[in-house]
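**Q**
There are 2 protein chains.
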Amino acid sequence: MTIKDIAKACGVGVSTVSRVLNNRPDVSDDVRRRVLEFVDNCGYIPNNSARDLVRSRSDAIGVVVRGTGNLFFAEMLKTISSLIEKSGHTMVLHFIDSDADEVKAGAILEREKKLIGLIFLGGRYDYTPAELSLIGVPYVCCTYTNRFGSLSEEDYASVSIDDYAAGYSAVEHLISLGHRRIAALVPSLSDSSVSELRYCGYCAALKEHGIEPDRELIAEAGGCFEIPEAYDCMKTLLESGVEFSSVFAASDTVAIGAMKAIEDKGLSIPGDISVIGIDGLVVTEYANPTLTTLVQPAEEMGRQSVEMLLSLLEGAKTTRHLLVKPALRIGASVRKI
Amino acid sequence: MTIKDIAKACGVGVSTVSRVLNNRPDVSDDVRRRVLEFVDNCGYIPNNSARDLVRSRSDAIGVVVRGTGNLFFAEMLKTISSLIEKSGHTMVLHFIDSDADEVKAGAILEREKKLIGLIFLGGRYDYTPAELSLIGVPYVCCTYTNRFGSLSEEDYASVSIDDYAAGYSAVEHLISLGHRRIAALVPSLSDSSVSELRYCGYCAALKEHGIEPDRELIAEAGGCFEIPEAYDCMKTLLESGVEFSSVFAASDTVAIGAMKAIEDKGLSIPGDISVIGIDGLVVTEYANPTLTTLVQPAEEMGRQSVEMLLSLLEGAKTTRHLLVKPALRIGASVRKI
DNA sequence: AACGTTACCGGAAACGTTTCCGACCCTTCG
DNA sequence: CGAAGGGTCGGAAACGTTTCCGGTAACGTT
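Protein sequences appear in the order of chains A and B.
Start counting the first sequence at 24; every next residue gets the next number (the working numbering).
Start counting the second sequence at 24; every next residue gets the next number (the working numbering).
1) Please list, in chain order, the chain A residues whose beta carbon lies closer than 7 Å to that of residue 67/B.
2) Residue 115/B touches chain A at which residues, Cβ-Cβ below 7 Å?
3) Please list the partners that residue 269/B has in chain A, where partner means a Cβ-to-Cβ separation under 9 Å.
4) Just to make sure I have the definition right: I need the residues of chain B whose C-beta is within less than 9 Å of the C-beta of residue 294/A. Which are they?
5) Looking at the structure shown, is residue 152/B part of a helix, part of a strand, or coil, going by DSSP?
6) Cα-Cα, which of 161/B, 144/B and 329/B is closest to residue 109/B?
7) Do the stretch 128 to 137 of chain A and the stretch 117 to 134 of chain B meet, that is, are 3 or more Cβ pairs less than 8 Å apart?
8) Using the Cα positions of residue 278/A and residue 69/B, report the straight-line distance between them to the nearest angstrom.
9) Within a Cβ cutoff of 6 Å, which residues of the same chain sit near residue 27/B, ignoring the five residues on either side of it in sequence?
10) Any idea if residue 353/B is buried or exposed, counting beta-carbon neighbours within 10 angstroms, 16 or more meaning buried?
11) With a threshold of 6 Å on Cβ separation, who are the neighbours of residue 297/B within its own chain once the five nearest residues in sequence on each side are excluded?
12) Quick test of the definition: if touching needs 3 or more C-beta pairs under 8 Å, does the stretch 216 to 230 of chain B touch the stretch 96 to 113 of chain B?
13) In terms of residue numbering, what span does the beta strand (DSSP E) encompassing residue 408/B cover?
14) Going residue by residue through the stretch 190 to 237 of chain B, where are the continuous beta strand (DSSP E) segments of at least 3 residues, counting only ones entirely within it?
15) Given a threshold of 16 other Cβ atoms within 10 Å of its Cβ, counted over all protein chains shown, does residue 186/B qualify as buried or as exposed?
16) Rounded to the nearest angstrom, how far is the Cβ of residue 117/A from that of residue 88/A, given a contact under 8 Å?
17) Kindly list the residues whose CB is nearer than 6 Å to the CB of residue 315/B, restricted to its own chain and excluding five residues on each side of it in sequence; keep chain order.
18) Please look up how many angstroms separate the CB atoms of residue 347/A and residue 331/A, rounded, as I've assumed it's under 8 Å.
19) Tell me the rounded alpha-carbon separation between residue 294/B and residue 150/B.
20) Note the first and the last residue of the continuous beta strand (DSSP E) segment covering residue 114/A.
21) Any C-beta of chain A sitting closer than 7 Å to the C-beta of residue 76/B?
22) What is the DSSP secondary structure of residue 351/B, reduced to helix, strand or coil?
23) Tell me whether residue 163/B sits in a helix, a strand or coil according to DSSP, three-state version.
24) The ligand GDP and residue 178/A: does any heavy atom of the ligand fall closer than 6 Å to the residue's C-beta?
25) Compute the Euclidean distance between the alpha carbons of residue 180/B and residue 129/B, then round it to the nearest angstrom.
26) Based on DSSP bridge pairs, tell me the residues matched to residue 180/B.
27) Measure the CB-CB distance between residue 50/A and residue 43/A and report whether it falls below 7 Å.
28) List the endpoints of the continuous beta strand (DSSP E) containing residue 140/B.
29) Taking a cut of 8 Å between CB atoms, which residues from the stretch 112 to 141 of chain A lie near chain B?
30) Name, please, each residue of chain B whose Cβ falls closer than 7 Å to the Cβ of residue 305/A.
31) Three-state secondary structure (DSSP) at residue 315/B?
Structural data, given as structure tokens:
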């Protein structure tokens, strides 16, 4: 069944059928109705390859995910996937390693699959306009904030929580409960704007309250917010003998690893050490103890990313930047001292 | 840059270039080398739309995931995605709700995207040959075992752990440590072969050891191995006043929810109640207490699924069935009584 | 020497759509 | 009454590839 068959069956030309199917004007209501009615009943499935060929582009939106051990992305992916589908597009998913270059990966993907748009999940912090110009289609950087000014506002679109505020709030919460010696567990700072910003929030909150950040309390975990790396990192910190009453984990997955390391040392949470995370993963609501964390709404952010990309695809010239406010979710992993 | 350009540049015909690019015979070594050399240096990107159009099929493999809250699938997806990519195909991911029909969804997806193959993650237990015949391309049912004989071996291909054995071993482990009153927490039995089989393993192990399964100890959670549903289900069971010393959770996510419910009631694990799961999620290695579970190797199973599908695509007539043996991972959530 | 076979190659059709262009009819206006 | 213009439509080119088919040259066989 092709549009040629439809044309023949309806006694019209193929171009007319094409116009009807694409909601174009220049078709009389009478013909439009006739064609539409026939199409509805004949089980016609458009041939995307043919459309893509002549338009020399596809209907696919690429999603590049960096940091696959990060459960937060898994939570977002479902929303993103279903919204992309609902909008009539196809999602092309691409996982990359934490040390890979997502812009390059996205650019390759774009050309190979003839993407019309891209969503990046888990960004570095040091994009340059030159790099980004490799990408020839609209894109949204989700989970990325250009806090360090390597880009101007018009260079990109973004959806993220205010990672700086999240780090700041987390630490402020600890301080408000009497903590002064607060360790920080952050994934490779240079790899991610998220990590970097949350760390900066940590430092700022400390300074704001008259506490000088202590190099000894800052542990840089490898990887991309993965649990095992966080565990190892926390273990090393504990064995270093440095004193602290609480841990600021740069993400919930990091917190999960950290909590385990603490417990394995025979220490209790929050009895001996308090732990706070950022992300608000579902699973940490069911952890023991329940993690106190700053929630970034996965579904909301996924939805906003897709909607923003779609509006860019429709030609909206105003590249927007959405900064969601993180919300404190009080668990049982932090105590007053 | 098209193959026509390449043909012109190399002084050969387009069909020759096409043959070279597709590794076809009937090309002299000399010409082949010349074309290949040129192609390597000119940054040619094949136009998939054109290829798909003339072949009237794409290069895409569909992955239909049912039960999105199940973290196990998230762990598999990365492997599946990267292997599909590495094989030169495109992955089309499709999440469906726990009450949706994955065969129908797969069939639609197949036609719309002109898929060449499908992988199903999270299957029902009651497929019929008639239903499956809706799917016109090779497919692999991952996480599905045709234990109930509605299908014959040639009707499908599958990769899964021996879910029956997993349920059996889990319960046997509990019994070997002195447990006799073992509650079972299973997601909607009728929805999933996995759930059903693990439950059967549970019953069989009990009977084998002279314990009659007690209806009161069996709690059916809604949903698809989701944490919150499991929590609610466990909570209800605890409040029902039935006595038991341990819980057989049909999956690790179920176990996570169950453990939380138990702790929220002020009971300790494994002090008051032991918990055993199935899946071997990374996150449960870092739970408190570490979950005792039967590991199904996510990466291995993802790899096998893709490889099996690829071999089917190459025309292998032997539909295979892989049944991975689950491995007991001892944690701290079960105690001897 | 004639013929068959093999290896290699190029031309051209075909895939199903979009879109450009021209054509037709009808209305309106000078 | 003729021209202009808008509304409606169909034909055909074009997109870039694969594949069928036919052709040529070289070589071996009878």
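Note that CB positions come from ideal geometry on N, CA and C, so glycine has one too.
**A** With the structure as the only source:
1) Within the second sequence, residue 67/B is the residue found at index 44, counting from 1. None at all; the shortest Cβ gap to chain A is about 11 Å.
2) Taking the first residue of the second sequence as 1, we reach residue 115/B at position 92. Result: 113.
3) As a working note, residue 269/B is residue 246 in the second sequence. Those do not exist, as residue 269/B stays about 17 Å from chain A at its closest Cβ, beyond 9 Å.
4) By one-based count along the first sequence, residue 294/A stands at place 271. None at all; the shortest Cβ gap to chain B is about 13 Å.
5) Along the second sequence, read from residue 1 onward, the residue named residue 152/B stands at position 129. In the structure shown, residue 152/B sits in a helix (DSSP, three-state: H, G or I).
6) What you label residue 109/B is simply residue 86 of the second sequence in a count that begins at 1. It is 329/B whose Cα lies nearest to the Cα of residue 109/B.
7) no
8) To locate residue 278/A, count along the first sequence from 1; it is residue 255. To locate residue 69/B, count along the second sequence from 1; it is residue 46. Their Cα atoms are separated by approximately 45 Å.
9) Numbered from 1 along the second sequence, position 4 holds the residue referred to as residue 27/B. Same-chain partners within the cutoff: 37.
10) Residue mapping note: residue 353/B aligns to position 330 of the second sequence, counting from 1. Classification for residue 353/B: exposed.
11) Working through the second sequence from its first residue, we reach residue 297/B at position 274. Hits under 6 Å: 269, 357 and 358.
12) no
13) A question about residue 408/B goes unanswered here, because the residues of chain B that appear run from 24 up to 360.
14) 205 to 210
15) On the second sequence, residue 186/B is found 163 positions in, with the first residue counted as 1. Flag for residue 186/B reads buried.
16) Numbered from its first residue, the first sequence carries residue 117/A at position 94. Numbered from its first residue, the first sequence carries residue 88/A at position 65. So it is a contact: roughly 7 Å between Cβ atoms.
17) For this step, residue 315/B is matched to residue 292 along the second sequence. Hits under 6 Å: 299, 353, 354, 356 and 357.
18) Stepping through the first sequence from its first residue, residue 347/A is reached at position 324. Stepping through the first sequence from its first residue, residue 331/A is reached at position 308. 12 Å between Cβ atoms; not a contact.
19) Position 271 of the second sequence holds residue 294/B. Position 127 of the second sequence holds residue 150/B. Distance between the alpha carbons of residue 294/B and residue 150/B: 42 Å.
20) Here the question's residue 114/A lines up with position 91 in the first sequence. 113 to 119 is the extent of the beta strand (DSSP E) around residue 114/A.
21) To locate residue 76/B, count along the second sequence from 1; it is residue 53. True, the Cβ-Cβ gap to chain A drops below 7 Å.
22) Residue 351/B sits at position 328 when you count from the first residue of the second sequence. Three-state result, residue 351/B: strand.
23) Your numbering for residue 163/B matches position 140 in the second sequence. It is a strand residue.
24) Of ligands this structure carries none, so the ligand GDP is not represented either.
25) Against the second sequence, residue 180/B aligns to sequence position 157. Against the second sequence, residue 129/B aligns to sequence position 106. Straight-line Cα distance between these residues: approximately 15 Å.
26) Reading the second sequence from its first residue, position 157 is the one you call residue 180/B. BP columns for residue 180/B point to 163/B.
27) Here residue 50/A refers to the residue found at position 27 when the first sequence is read from its first residue. Here residue 43/A refers to the residue found at position 20 when the first sequence is read from its first residue. Taking 7 Å as the Cβ cut-off, residue 50/A and residue 43/A qualify as a contacting pair.
28) To locate residue 140/B, count along the second sequence from 1; it is residue 117. 140 to 144 is the span of the beta strand (DSSP E), which, as asked, contains residue 140/B.
29) 113, 114, 115, 116, 117, 118, 134, 135, 136 and 137
30) One-based indexing of the first sequence puts residue 305/A at position 282. Those within 7 Å of residue 305/A in chain B are 250.
31) Sequence index remark: in the second sequence, residue 315/B carries index 292 (1-based). Looking at residue 315/B - three-state DSSP - the assignment turns out to be strand.
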